[in-house]
Every structure is written in C-alpha cells, then in structure tokens.
Amino acid sequence: MEHFALWLAAFLTLGIISFLYKDNAWYKLTEAIFVGLSAGYWFVTLFWDNFYGKFWIGKGEHAYLYVGAFLGLLMLLRLIPKIGWISRWPLSFIVGATSGLWLINYFSSNIMKQVQATIFPLFSSQYGAGFDAGAATVIGNLVIFLGTFTGLVYFFFSKEHKGAFGYTAKVGIWVIMITFGASFGYTVMSRMSLFIGRIDFLLSDWLGMIL
Amino acid sequence: MSTKAKEILAITIIVIFCLIFYIRKVNGGEGILFSSLVAWLVIGAMVLSLVWILILTIRGRLISRRVVFIYVGIALALPLFMPFTQRIPISPEVRALYNSVETLKPGSKVLISFDFDPPSAPELQPMAESFIRLCFERDLKVIIMGLWPQGPQQANMALEKVLSDEKMKVKNLQYGEDYVNLGFQTGNEFVIQRMGSSFESMFPTDYRGTAYDSLPLVRNVKNFSNIDYSFNLSAGFPGSVEWVQIAVDRYGVQLGLGNTAVQAPQMYTYLNAGQITGILGGMNGGAEFEFLCKYKGKATKFMLSQSFAHMIVIAFIIIGNVAFFLGGRKSALKKS
Amino acid sequence: MVVPARAVPEPADSLKADSVEIIIAPPTSPVVSDFKYDDGNSLILTWVPSIDDLPVGGKVLSYHIFRSDNGGEAKKIAELIPGANYYKDEDLYSDTNYAYHVVALSSNSRAASFQTASIRPQREWVNLNLKYLFFIALIIAASVIYFIETAKRGKKLFVRKIAGLEAVDEAIGRATEMGRTILFIPGIHDMDDVQTLAAITILGRVSRVVADYDTKIRMPVARSLVMTAARETIKASYMSAGRPDAYNDDMVNYVTDEQFGYVAAVDGIMVREKPATIFLLGAFFAESLILAETGNSVGAIQIAGTARPAQLPFFIAACDFTLIGEELFAASAYLSGEPKQLGSLKGQDVGKGIAMLAILLGVLLSTIAAVGDTETITDILNFITRVFTVTN
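Protein chains in written order, with this note's numbering: chain F, 1 to 211; chain S, 212 to 547; chain C, 548 to 939.
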C-alpha cells in the first residue's frame, strides 16, 4: 500500500510539472483530480464542521443558532430563480456585519497605528538626546518617513501631479515600484520553496536519492 | 525522429531511471552525496553555460522558456547532493521573535494558529516544527488551533515529528496537559473575534472530540488574557492580517508571525509599528529560526537550493534585460 | 498591559518551616478601581511592591492576589511574578462587591497588605478611549457624503489624470488597425467586490470606443452575475453609439467559477485568438502572472489594474500599463463620473490629507522636540500622538 501511495503521489506531482513542457493530457488529468478533490474536501469539511459540528450538536443549547440556519436556508433560495432575490437578505447581513467589523479594524490597525508609528524624530535615537542617531538609523527613518509620505501623495487624486507636488508623487511611485520589486523577489522565493518541497519529495521520499 | 517518438523515448528513459532508483531504495540503497570536486565542477559548468547563453542573447538569439525551467530545476535539485553548508545570517525580526519566546517563563501558555494547508507546507512546516520544538524545550505549554481546515492536520504532523525525537521522549509530554490541539473552526476572522471573549465557545471540543472542560491545559483558559504568547503560521486569508487587527489591536495579544514569503513583505508594516514581536518570512526565515534553535531541519537543508535558484534567477534577469534593451518590447505600441 | 497571570490549582501555600525565616515587608497601598469602558466585568488592582522586591537579590519570590466576594472568605485568584504592581481581574459581575489584598511571598514567609475597599465593576455604554478614532472616521464619512451630494447637484469634482487611462483609446485603436480582438478579463470575483464593479465601469467606456470603431470584443467571465452585468453594459454602449444591431450576447460568455479552470480557458483563448489588446482589471489572485505572462507571450498590449498588493508586481512586470491599487477606483470614478464613486474618492482624499498632515507635522515637531525641547512643541506633539493612539 505504501508503495502504491508513493507512486501515486509521484505520478500526480510529475503530471503537474509536465505542464512546464507543454499542456498535455497527463496535466489535465492531474488538474481535474486536484480540482475535484479540493471541492469535495471543502464540502465535507464544511458539512461536518459547520452544519453537523456547530448547528446540529449545538442547537439544543443555543437557540440563536436557528437564526443562522434560517439565514443559511434563505441563501439556498438562489437555486429557485423565481424567488432567488430573497438570497440577497442573508448576503446583505454578511456584507453589513463584515464591513462594520472591518471598518474599525482597518481604521485602527492600518491607518491610525501606522500614522502613529511614522511620527518619530528623524535624527535622534530618543527625545532630548540631540542629533545622536547613527547613519543607519537616520537612513532608515528617512526611508520610512519619505516613503510613507510620498506614497500618500501619489495616491492623492484631488490635485494634478505638477510642480513640487508632481516631483513628490514621482518619488512616491519610485518607492512603490521598489516595494513591488521586493515583493516580487519574496514571491520568487516562495515559489522556489514550494518547488523544492516537491523535488525533495521526488528525490528523497520517493527515490531515496538524497542522504 | 518525430516529436512524438522523442517524447515517448524521453518518458521511457525517465520511468526506467525512476524504477532503478526505487528498487535500489527498497533494497536499502543509501543516498548520493557528491564530493567537493564534483560539486565545484557542476557549479563551474553551470556558470559557463550561463555565460554562453548571455553571449547568444547579445548576438540576438533568444533561448526558449523551457531552458529557463530546466536551469531552475537543476539549480534546485543539485545542491541537495552537495556537501556544502551555507552560512545563515540572522535578521533582527527573527531574533526578536526568538527572544520573545525565550523570555517566557516555563509553564507559560503559547497559542499557535495553523492557518495554512499542504500547498504552503514546504515553507511553513519547518517553522512549525522548530517553533513547537523550542516551546517544548523551554517547558512552555502549547495550544494549537486552525482557521484553515487542514491546519490542525499539519499541526499533528509537526507534533508527531517533534515528539518522536529522543530528547522530547525523555520529557514524557502528555496530551491535554502539555499540549493540546483544539482543531479547526469555520468563521474566519470572526473566530478570532469570539475567542476574545471565550475560547470555549469557538472550540467546545478539541480535535479528538474531548470536551474543552476536561482538558487540564485549557480548562482555565477563558480568553486571550490567559495566553502568554501567540504564534500565527499563515499562508493567506484568514491569517496574519486578521490576527494583528483583532487579537493584537483589540485584545493586546503578544504575537509573532510565520509567513509564506509572498505574504511577508506586507507584514513588515506591522513590525515597524510594533504590533508584532517578530516575523519569520519564507524558507529563509525558517532557516534562520532553526539556526537560533540550534536545530537543523528542512529549512536549513533547503537553503542551499534556494540560494542556487536565486542565483539562476538573477542571471536570467540580467540576460532578460540584455534581450529587452537590445530588442525593445515596449516600442510595440508606438509602432502601431 | 496585562501582567501575565496564572491561576494556581493548589488550595493553600505550603511554607518550609524547618529553615530560618526570611522576613519580608508587605506590599503597600493596594487600590482597586474600575476598569474603564468595559461591560462591567473587570477591575484593576494596583499596589506598591514590597521594599524587599528588588531586581537583583530580591527576597520576594511571588505575589498572590486574594479576592473576597460580597464580604465572603478571601480566596487566592492569581499568582504573579516579582516586580508586579498591577492586576486586571476579569469575568466579574457588575452586581457583586469585590475586595482584594496582595500577599508577598519569600521562600518561607509571607506578608500581606491591607484589604482594599469593596467596589463593584461599572458598566459603560461608550468607550471614550476610541473618541479620536470616532472623530476622524466621522470626518472622513462626512466628507464622503458631502462630496457625493455635491457631485449629485451637478458640480464637477476634479480628479487628476491617470496615466494608464490615456493608453486605453490607443490600445483599442491598435486592435482596430490590426483587425484583431480585444480581450477583457474582469478578475475572478463576483459583483460584490468593488474591484469587479470598477472593472465593469471601465468596460462601459472601453465598449463605447469599441462600438465606435467597430472592433471585436471578447469577454470570458468566471461568475454568472458578472456575465449579466457585462452584457448589459456592452449593450448600453452599443445603443448609445447608435449601433444596437452590432451587439451580440456572445461577446460575453461564462466559463467556470473554478479559479484555475477559468485560467486554463482564458489562456486557451489568448493562444488561439491572439488578441491585440488585453484588459486585466479587477480582483486577481495567483492567476495574475499566468494570465499576464500568456498575454505577453502572444504579443498583446496589456492594460492591467487591481487593488491586490500581492498581485501588482506581476502586472507591472508583464503588462504595458498598470492601474495601481486605488488608481483602479479612481479610473472608474473618472470615467463614469458617477457621484457615489467620485464622492468616495474625494472623501478618501480628505482622509489621506489628514494622514499626510499628521505625519508631516508630527515628524517635524518630533525632530525639533528631540533637540530644543519647548513646551508648546511638546504639547502639540503629544496631542497628535494621542489622537492617533488607539487603546481599547
């Protein structure tokens, strides 16, 4: 059985990798298996965890679960085109609750705290210490301050990018591009890691070629 | 010979090759390790061939994309056979995370959220293993949960690996007392939100179906205020962003992050604002953490491959740019 | 800041009676107060640590917190590390009176503080810690509404030119000249994603030009609702161009909801039809690079735009023009001139203005305050910092 499982896993892995050569039947078969499996897995997980694990088991104890179940039922009305519009009610509940929650979270974590973290003395290690910060700290401070500020200027749409404002925005787009470069680099690293994981499986677990 | 015949031939050779090695493995054959000389010869050959590709490009002959794939594949695979070890410099954010775990008193409760699934495992699983190992070594209590359905299974795999270690066996760690896996819960960010008032309402039973109340480790854990440190292994949504925004900013949880490299750059803003104590970004972060934990896991093992592949990518970026500036792709619009 | 506390199961403290007693001074001035802005379930206990509690060579090994409910017997509720002077007691009831005392422990003796007054936790309806957050959110929300109303009254709101947009006409012209198709990909999310909405708005403009030039447009989609919306949009454009006969429902077709199934289909279309121009606007995920790469390999001019930061680098690398983040929404507002979109955009600009001003002023004042510490500057700086500090 173990031999079979290993060979099956290797067969599927190589099937996906074969796409690098060209689109082919082996790849399509593997992809179809993957898509079908993941959809099935999600269905089973959600059924047992949500419907059975939460609603069915907990319904006696927590009556409010019926409210959720009812909203869920309304969602399924989509399947009947004539009264499908009712499914918008639970949807609006979700949209409303989510935006309410997120508005505060984003506003405090991604705006207020970030603005606060960007306010610091540029050339000093602490207040009252004079201009005592080392070159590396000063450069770091300047990058954070100028990067945040010019980035904001670039995304300010109420003023034409002309004159000093235009130059600031230009610095902003440079900063954004450099950020994207770093992000791209990280993504390459991520993809390589995933590929190494598969190569390790093929060469080590499957063929036993690596010590 | 037709293309079809060539393809069939190639597949046959590969199958025979795999069969030979598989039979060899089943019969107890050991792995292969290059000698230093062979390793250097391989590296030299690769460098020379890259120079040759550069020359071809300058002459106006562009290589096909399959060549790039082959190079990347070779660069990732061959270092696994090489006898070199790579020096791993430690970045401040990794050290900060390590320090924040090290300063915890024995017996402190650490919550680890596994918010990833097998596709991201090569990056995050090594972090999970070394983090759990560090916790156990320092006698910290580990509470595991997952916002992704397969997360708790990944956690079980990591636990199994860590606990099979001789050093850990001596400690005789008990499920329910020293560590517990609360399992998966649907509801994404709302799960974290609800955990702020009650863990039990989100996890009435653990992964095995044992009631929350009958687990000694978590019986007295009501909400985040009973947790001393929290670590989130994340590959996307729901994950790190939600943990920072809700657990940290609303409930004051001390949080460290282990992220896939795709996600990591976005998390540095939270590091800069002091919302998180540290971050392990991608396989590199994992390797640095393993180094600090004095443990050689998979992240360390794979770093050489990672570095080789990066060199190849850099080489092809140079070659690509040469082609770009000699050819000029963007002028297409102007021409039209 | 919550001092890590652990509930300890054992009922009483065991003391070693056989060794020489290490006498320690008790902790003093224990004060219990209500924890502000909660649901009436927490109290804060503070005290001055024992004078024998020193960072180095201190004799205090731990503090135990005892609580008496409604004048009953005092029970130990927590054990804290040396140096602690603060404890937040949670999960209390607002109808019960609580009194506390703190005990310092050496290796074999104990010293208790006085008992605090007995108080009840208070429940507050409004969390005043978040007042500045509320005010700033209110300013931004109010400006969004103000600008929406202004735009509704027909006043023109200024939005700056967006680089990628100018290329739209040019790119469509190219497809017309070459006699090839234009491919429009609206991302893989449904109509509830604002990025998809922006994409459909831009589609309105693109299809109008397409109708004028009599170019072919092709739009495979991943969601049925998007299909319906896109058909309506293109139809309206052809009507307003005065060529309703040229419109055809087959311009937009549904493929599949499954992410990579959709990608495979779109890639196939790109390779077979070799479109001259490709628009990739909307919410994209891991498929972004696959699509942009294939489009690039067939030699199409590509105009992309998404608000997903992780996917932007790929579009920038593989496409000719990219609408970065909010530019997608700005482009949509600019092209549609719809009051809601324009108003939101302008309202957000007010928010960005506040952030820029605070950062600029804050950094300037901090830098000055770090050397020449004048009271006024420090006061203003403290105020700015306080406004942007969020405590719960």
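Glycine residues also receive a C-beta, built at the ideal position from the N, C-alpha and C atoms.
Residue-chain proximity (residue i, chain C), Cβ-Cβ < 8 Å
| i | result |
| --- | --- |
| S375 of chain S | no |
| S93 of chain F | The identity of residue 93 of chain F in the sequence shown is Phe, whereas the question assumes Ser. Chain C, which has no Cβ nearer than 8 Å to the Cβ of F93 of chain F, makes this no. |
| M112 of chain F | yes |
| S18 of chain F | no |
| V402 of chain S | no |
| S436 of chain S | yes |
| E61 of chain F | no |
| Y127 of chain F | yes |
| Q486 of chain S | no |
| T30 of chain F | no |
| I528 of chain S | no |
Sheet register partners of residue i (DSSP bridge)
| i | result |
| --- | --- |
| T416 of chain S | S:A422 |
| A458 of chain S | Per DSSP, none; premise fails for A458 of chain S. |
| I591 of chain C | C:S580, C:K635 |
| V321 of chain S | S:V353, S:Y440 |
| D616 of chain C | C:Y645 |
| Q519 of chain C | Here chain C covers residues 548 to 939 and nothing more, so residue 519 of chain C does not appear. |
| T1002 of chain C | What is shown of chain C runs 548 to 939, which leaves residue 1002 of chain C out entirely. |
| N655 of chain C | Looking at the DSSP assignment, N655 of chain C forms no beta bridge with any residue, so it has no partner. |
Cutoff 8 Å: residue i Cβ touching any chain S Cβ
| i | result |
| --- | --- |
| P629 of chain C | no |
| A857 of chain C | yes |
Inter-residue Cα distance where the pair is residue i and residue j
| i | j | result |
| --- | --- | --- |
| P360 of chain S | G53 of chain F | 13 Å |
| E568 of chain C | S597 of chain C | 17 Å |
| G815 of chain C | L122 of chain F | 54 Å |
| P300 of chain S | N495 of chain S | 10 Å |
| F295 of chain S | F245 of chain S | 10 Å |
| V741 of chain C | G450 of chain S | 22 Å |
| E874 of chain C | K215 of chain S | 49 Å |
| Y282 of chain S | W251 of chain S | 17 Å |
| I104 of chain F | Y679 of chain C | 12 Å |
| A917 of chain C | I931 of chain C | 16 Å |
| A307 of chain S | D616 of chain C | 42 Å |
| L491 of chain S | Q364 of chain S | 21 Å |
| F34 of chain F | Q858 of chain C | 23 Å |
| G618 of chain C | N431 of chain S | 24 Å |
| V373 of chain S | F325 of chain S | 16 Å |
| M786 of chain C | L750 of chain C | 15 Å |
| A865 of chain C | V188 of chain F | 15 Å |
| V452 of chain S | G362 of chain S | 17 Å |
| D389 of chain S | L351 of chain S | 8 Å |
| I219 of chain S | A534 of chain S | 34 Å |
| P791 of chain C | T762 of chain C | 14 Å |
| A32 of chain F | V810 of chain C | 13 Å |
| I570 of chain C | L601 of chain C | 14 Å |
Cβ of residue i within 8 Å of any chain F Cβ
| i | result |
| --- | --- |
| K541 of chain S | Reliability of the predicted coordinates at K541 of chain S is poor, the pLDDT of 49 falling under 50, and the value obtained from them is presented with this limitation in mind. Taking Cβ atoms only, chain F never reaches closer than 8 Å to K541 of chain S, which makes this a no. |
| P860 of chain C | yes |
| K623 of chain C | no |
| S589 of chain C | no |
| V715 of chain C | no |
| L838 of chain C | no |
| I457 of chain S | yes |
Cβ neighbours of residue i in the same chain (closer than 6 Å, five flanking residues each side left out)
| i | result |
| --- | --- |
| Q404 of chain S | I457 |
| S441 of chain S | L322, V464, L466 |
| F868 of chain C | G711, A714, I850 |
| S690 of chain C | G894, V897 |
| A745 of chain C | L875, F876, S879 |
Neighbourhood of residue i by C-beta, 7 Å cutoff - its chain only, sequence neighbours within 5 removed
| i | result |
| --- | --- |
| T13 of chain F | R198, F201, L202 |
| W7 of chain F | none |
| S412 of chain S | R405 |
| A543 of chain S | With a pLDDT of 43 at A543 of chain S, under the threshold of 50, the predicted position of this residue should be treated as unreliable, and no value is reported. |
Contacting residues, own chain, Cβ-Cβ under 8 Å from residue i (five flanking each side not counted)
| i | result |
| --- | --- |
| L146 of chain F | V171, V175 |
Original post:
At which residue ranges does the region 777-828 of chain C contain complete beta strand (DSSP E) runs of 3 or more residues, listed in the order of the chain?
Top reply: 799-801
Original post:
Along the chain, which unbroken stretches of the beta strand (DSSP E) at least 3 residues long are found entirely within the region 867-909 of chain C?
Top reply: 868-871
Subject >> Contiguous alpha helix (DSSP H) assignments of at least 4 residues, all confined to the region 14-101 of chain F >> reply: 25-46, 65-76
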